[in-house]
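Quick notes on the structure that follows.
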Amino acid sequence: MPNPRKIVLHSLHGERPVLAALVADWIAEGVNYVGVVGVDAERIEDLIDALCVGDGSAPYFMLTAAHGPDESLEDAVFLAEQLSDEFAGPVSVIAF
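Residue 34 in UniProt numbering sits at position 34 of the sequence shown, and the numbers go up by one each step.
Here is the structure:
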């Protein structure tokens, strides 16, 4: 089975230095959606967007979403599962 192209990042501790390496791996694997839920979700989503753009010379398109404090992990997974067409496929949840 190919690597999942949709990820829900469940942030348990907020922003961490390993995020850049994680996003680089996702780009290499062709991930096209990351939803972030939990601690600092909006900040982490912004960082993912910035890492995908880089210096602008070779931006990578990845659809991202930050889920607010009133949204659960289940809500984030549900949204990811609803994505179709070029965003179709299995969802992987990563505790971060």
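C-beta atoms are modelled at their ideal positions from N, C-alpha and C, and glycine is treated no differently. Fair warning: this is a prediction, and the values are worked out from it, not measured in the lab.
Beyond the five residues adjoining it in sequence on each side, residue 14 comes within less than 6 Å, by CB distance, of 39, 40 in the same chain, given in chain order. A Cβ-Cβ contact shorter than 8 Å links residue 8 with residue 37.
The three-state reading of DSSP puts residue 91 in strand, counting E and B together. DSSP, read as helix, strand or coil, puts residue 63 in strand. Residue 77: member of the alpha helix (DSSP H) spanning 73-82, first to last residue. Per the C-alpha coordinates, the member of 71, 43, 51 positioned closest to residue 26 is 51. In this structure residue 86 is exposed. Its beta-carbon is surrounded by fewer than 16 other beta-carbon atoms within 10 angstroms.
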